[in-house]
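Novice: Position 36 of the sequence shown, counted from 1, bears residue number 69 in my numbering, the numbering being contiguous throughout.
The beta carbon of each residue, even a glycine, is placed where N, CA and C say it ideally should be.
Take a look at the following structure, please.
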Amino acid sequence: MAEIKTEDMGIRELRANLSERLGKAVKGEITYVTSHGVRIAAIVSVVDAEAIEASRKGAPSQESAAADS
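Below is the structure:
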């Protein structure tokens, strides 16, 4: 299993690097957005976000459903 790369980034720094962080999200990296050193949100790929959404609904994610086909 591949290691998941993560980085914490404050809001001000994120504003200056948003395009780069979005590109890294597409590649599977997670950027945790911080406010005063506290994680408040995360930037993740659509695949990861949809998997989280599906798990909260109790349904299999599209990625795992496709693997079952």
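Tell me whether the beta-carbon of V66 lies closer than 7 Å to the beta-carbon of S78.
Specialist: By one-based count along the sequence shown, residue 66 stands at place 33. By one-based count along the sequence shown, residue 78 stands at place 45. One thing to note: V66 has its Cβ no nearer than 7 Å to the Cβ of S78.
Novice: For D41 and S52, what's the separation of their Cα atoms in angstroms?
Specialist: Translated into positions along the sequence shown, residue 41 becomes position 8. Translated into positions along the sequence shown, residue 52 becomes position 19. Roughly 16 Å separates the two Cα atoms.
Novice: So what's I73 in DSSP terms, helix, strand or just coil?
Specialist: Sequence index remark: in the sequence shown, residue 73 carries index 40 (1-based). I73: strand per DSSP, three-state reduction.
Novice: Just the Cα atoms here: how many angstroms apart are G61 and A35?
Specialist: Taking the first residue of the sequence shown as position 1, residue 61 is located at position 28. Taking the first residue of the sequence shown as position 1, residue 35 is located at position 2. Using only the alpha carbons, I get a separation of about 10 Å.
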